[in-house]
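Student: Could you have a look at this structure, given as structure tokens, before my questions?
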Amino acid sequence: MIDDLRSMAVFATVVSEGSFRGAAARLGLSPSVISHHISRLEKRLDCALLYRSTRRLSLTDDGRVFHACCARALEAAEEGLNSVAHRQIELSGRLRVGAPALLASGPFVEDVMAFAAAYPAVELELCLDDERRNQIDAGFDVAIRIGWLEDSALRARQLLSVKRRVCAAPALIEAMGLPQHPADLVNWPWVQETMLPQFVDFSGPKGATYRVPMSGRLSTNHGETAKRFALAGAGAFASIDFLVAEDLAAGRLIELLPDWHLSSAGVYAVWPANVSRNSLSMHFVDFLHAQVDELRAKAEASGTLAPAPARTKRKHGA
């Protein structure tokens, strides 16, 4: 079928140029290749399409009918190419974005709404789910990931990094005692998030490190629900900073071992590797990047945030 379409395009060019040589010059092919395509079509259709003489070409009756069909096919192909190119220029079409549900209460949703307001011809679907799903199978054009990425054929751009804290409800601390070292947390109950590793790695004074395995009766695949379990005193909770910031400030949760630290978690935009630079997906990623940079610049100007390191694109896991 592909060969037939190619030969149809050659045939239509021969008709429009009026000669094999003219078609060859326009298409950048040799006259013999042009002749091969026409002969191939005539053999395929079992009829003559052109009458050839030393000075001119003329269409047969079958050739006139077939040429009309070729013209319609080429017109449809050109319309398809132009419509997609127009979508890239005008930023229109449908965009499916997947993100962790815990981002629902932060500025991310405001960024999505700002993008929708800036590009009213875009139909945008935002899917919020803390269960990490395969991006290709889920049909997401762009996915937001929090954590650490494995190598894969996907592409990623880090938007920012967020601090992580281990915290617990005051009632649980009263029952278990205030820990002085990560080893004191080994026998504590933990609220477990099923999509994350079931251990916590601490880094402490003088380069000390300590891994604490998590165990507990309550687990969930939803970050906001995990926080509610922790607030109820069900266990210690390793959380992203912005999810527990208000609860820490209000005293509903207390940070454990503030002299020990957890590695920061990256926030990434992820997309398939074959997405073009001018695609709707990449415009969305660039928009998010600009929003984060603007927010960071304001925080740096107010002295509440240190400058962020440079971010690079890389391959990573779904």
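Position 60, counted from 1, in the sequence shown is what our numbering calls 62; the numbers after and before it change by one each time, with no gaps. Ideal Cβ positions, reconstructed from N, Cα and C, are used throughout, including at glycine.
Going by other Cβ atoms of all chains shown within 10 Å of its Cβ, with 16 needed for buried, is Tyr53 buried or exposed?
Tutor: Looking at its Cβ environment, which holds fewer than 16 other Cβ atoms inside 10 Å, Tyr53 is exposed.
Student: Please list, in chain order, all residues of the same chain as Thr196 whose beta carbon is under 6 Å from its beta carbon, the five residues on each side excluded.
Tutor: Excluding positions up to five away in sequence, the list reads Ser221, Asn223.
Student: Does DSSP put Thr196 in a helix, a strand or coil?
Tutor: In this structure, Thr196 counts as coil in the three-state DSSP scheme.
Student: Which runs of the beta strand (DSSP E) at least 3 residues long sit entirely within the segment 161–216? Give them in chain order.
Tutor: Taking only runs of at least 3 residues, the beta strand (DSSP E) segments lying wholly in the segment 161–216 are 166–170, 201–205, 211–215.
Student: Could you give the distance in angstroms between the alpha-carbon of Arg96 and the alpha-carbon of Gln137?
Tutor: Those two C-alpha atoms are separated by around 16 Å.
Student: From Arg316 to Ser283, what distance separates their C-alpha atoms?
Tutor: Any reading at Arg316 needs caution, since the residue's pLDDT is 44, under 50, leaving its predicted position unreliable; the model's value is listed next. Going from the Cα of Arg316 to the Cα of Ser283 covers about 16 Å.
Student: The beta strand (DSSP E) spanning Leu97 covers which residue range?
Tutor: Note, Leu97: beta strand (DSSP E), 95–101.
Student: How would you label Asp48, buried or exposed, when you count the other beta carbons within 10 angstroms and need 16 or more for buried?
Tutor: Result: exposed.
Student: So the candidates are Leu264, Asp243, Ala177, Ser163; which of them puts its Cα closest to the Cα of Asp295?
Tutor: It is Ser163 whose Cα lies nearest to the Cα of Asp295.
Student: DSSP state of Arg147, grouped into three classes?
Tutor: Looking at Arg147 - three-state DSSP - the assignment turns out to be strand.
Student: Contact between the segment 3–19 and the segment 38–48: three or more CB pairs below 8 Å?
Tutor: Because the criterion of three Cβ pairs below 8 Å is met, the segment 3–19 and the segment 38–48 touch.
Student: Let me know the secondary structure DSSP gives Phe239 once reduced to three states.
Tutor: In the structure shown, Phe239 sits in a strand (DSSP, three-state: E or B).
Student: For Leu264, name the three-state secondary structure that DSSP assigns.
Tutor: The answer is coil: DSSP assigns Leu264 none of H, G, I, E or B.
Student: Taking Ala170 and Ala238 to be in contact with their CB atoms under 8 Å, please state how far apart those CB atoms are, rounded to whole angstroms.
Tutor: Indeed, because the Cβ distance is near 5 Å, the residues count as touching under 8 Å.
Student: Indicate the three-state DSSP secondary structure (helix, strand or coil) for Leu258 in the structure shown.
Tutor: In the structure shown, Leu258 sits in coil (DSSP, three-state: anything other than H, G, I, E or B).
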